[in-house]
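Taking it in order: structure first as structure tokens, then the write-up.
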Amino acid sequence: MSDVAASIPVAIAVIAGIGMLVATSIALAASSRLRRERAEALATADRARELEIALGEQTARLRLIREQHDVAAHRMTGVVQLAEGASAAATRDPSVAARASEQIAASARATLAELRRVVTATAEAEQLVAARPALEALDGLFDALRARGLVVTVSELGERFAVAEGAGLALYRILEEALANALQYGGEGTEVRVGLTWSDQGLHVRIDDDGIRAQARREGLTPDELAARGYTIEDDLAALTERIAGTGVGEMRARAELFGGVLSAQTVPGVGFSVSVVFPALRFHNAVHGVNVRR
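Quick note on numbering: UniProt numbering labels position 212 of the sequence shown as 212, and the sequence is numbered without any gaps.
Put into structure tokens, the structure is as follows:
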């Protein structure tokens, strides 16, 4: 009986050890499953966000195509009306036909330009999914805008870190829209300063243009003549309190908010326009309802 009694503690210890091994194995398996499920959930959510961004891109381009189509149709109607009017007037005054032909040619050229924009926008929409620009493509964007007449100066401070694909696309589109606006409203010769300041976790992007001054330069005004035009304290107050609500700025703001960013845009009286975007935690942001991928 003493041998049996002595073996009981050993058996209990063996059983306890086996139990602990089983419990540990179950816990490890559960932990591994949870990690795998979490990774799959994050990947699915990231893919859903990518699809949402792509859908937004397509929607914006379709709206642009629709608007440009309407403009082209309106211009074509004007060309037809000019031609009909010239035909009727030429029977009374042949010189009218010569003058009208110049107007018709100018309107036709403008219409052709609009139609080319429609074709370009359509082609870009078709290529959108195949080519997703990111931070690495920014130099190409800056060069393209320089070729179109902007004077772009870029400065980058801090150490750039890798960001989610969707975040890179959002940054690219924000810069693209801001630069396109500078060209549209300031015109050729507008000087644009682009600044990217990286912190440990975030990024501050700033785009400042001198569109108002550029217009004055094209008019041949000297700096003194431009200063003489001046602006009032009311202009300064209006610039401080205005909230730009155009479609382009709205889309930039929405892209920034997807990744926890805050965008502000304002007119700088006597100078031009300024856009600032702050992303406090871009390094870890995956655009899924503020989820931090470090956790």
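Built from N, CA and C at the ideal position, the CB exists for glycine as well. Given the structure is predicted, the values throughout are model-derived calculations rather than measurements.
- Query: Quick one, which of LEU221, GLY261 and ALA216 has its alpha-carbon nearest VAL205's?
  - Reply: GLY261
- In the structure shown, what three-state DSSP assignment does SER25 receive? Looking at SER25 - three-state DSSP - the assignment turns out to be helix.
- Query: What number of angstroms, rounded off, separates the C-alpha of PRO269 from the C-alpha of ASP139?
  - Reply: 29 Å
- Item | Same chain only: Cβ atoms within 6 Å of GLY149, ignoring 5 sequence neighbours per side | GLU188
- Whether VAL275 touches ALA144 by CB criterion (8 Å): Using a Cβ distance threshold of 8 Å, VAL275 and ALA144 do not count as a contacting pair.
- Enclosing alpha helix (DSSP H) for GLN215 [first to last residue]: 211-218
- Query: Does the Cβ of MET20 have 16 or more other Cβ atoms within 10 Å, making it buried, or fewer, making it exposed?
  - Reply: exposed
- Query: From what residue to what residue does the alpha helix (DSSP H) around LEU169 run?
  - Reply: 165-186
- Which listed residue (ALA23, GLU159 and MET76) has its alpha carbon closest to that of THR111: MET76
- Can you check DSSP and say which residues form a bridge with VAL275? ILE207 and ALA265.
- Task: Please report the Cβ distance between VAL152 and VAL192, rounded to the nearest whole angstrom; I am assuming they are in contact, meaning their Cβ atoms lie under 8 Å.
- Result: 5 Å
- Mind checking which residues open and close the alpha helix (DSSP H) that includes THR247? 247-258
- Query: Roughly how many angstroms lie between the CA atoms of PHE161 and ARG283, to the nearest whole one?
  - Reply: 7 Å
- Message: If I measure Cβ to Cβ from GLY217 and keep anything under 7 Å in the same chain, skipping five residues before and after, which residues do I get?
- Response: Inspection of the sequence shows that residue 217 is occupied by Arg rather than by Gly. GLY189.
- Message: Can you give me the C-alpha to C-alpha distance between ALA281 and GLY211, rounded to a whole angstrom?
- Response: Spanning the two alpha carbons is a distance of roughly 32 Å.
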